[in-house]
Amino acid sequence: DLGEQSMVGLSHILRESIRYSLGHRADALAYAAEYGRGLDDDLNDRFVGMYVNERTLDYGEDGREAVRELLRRGVEAGLIDHEVPVDFVED
Numbered sequence: 121d122l123g124e125q126s127m128v129g130l131s132h133i134l135r136e137s138i139r140y141s142l143g144h145r146a147d148a149l150a151y152a153a154e155y156g157r158g159l160d161d162d163l164n165d166r167f168v169g170m171y172v173n174e175r176t177l178d179y180g181e182d183g184r185e186a187v188r189e190l191l192r193r194g195v196e197a198g199l200i201d202h203e204v205p206v207d208f209v210e211d
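Using the working numbering, the first residue of the sequence shown is number 121, and each one after it goes up by one.
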């Protein structure tokens, strides 16, 4: 456990990073291209769009339920050895 103050601070930093990328798309694409292993511009744009979007700022209750379901299935499949409680942090 990182502690509530650290988790809220980290959540804030991550959200601000996503907000910056949403507002400065060209900068985000240029940064991602450095790590894109030669992806062309269109594919780089699609890739970034999967992870930098309004849904990554707030994936809603259905997104939170999807995370819980993923972890439940991991336990059922034997990939995770025990139930994992999920705490969603808001900044």
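Every residue, glycine too, gets a C-beta built ideally from N, C-alpha and C.
Mapping the DSSP letters down to three states, classify residue i as helix, strand or coil.
i    : result
L199 : coil
F167 : helix
R157 : coil
Quick one: is residue i buried, meaning 16 or more other Cβ sit within 10 Å of its Cβ, or exposed?
i    : result
V187 : exposed
N173 : exposed
S126 : exposed
S141 : buried
V168 : buried
Kindly indicate which residue of the options has the alpha-carbon position closest to the one of residue i.
i    : options                   : result
D147 : D165, L122 and H132       : D165
V206 : A197, G198, E196 and E189 : E189
E210 : G156, G143, D162 and Y179 : Y179
L177 : G143, A150 and D201       : G143
Distance check for residue j and residue i, CA to CA, integer angstroms please.
i    : j    : result
A152 : R135 : 17 Å
V128 : R193 : 28 Å
H132 : E203 : 27 Å
R139 : D182 : 21 Å
R145 : S137 : 12 Å
E196 : E185 : 16 Å
L149 : G156 : 10 Å
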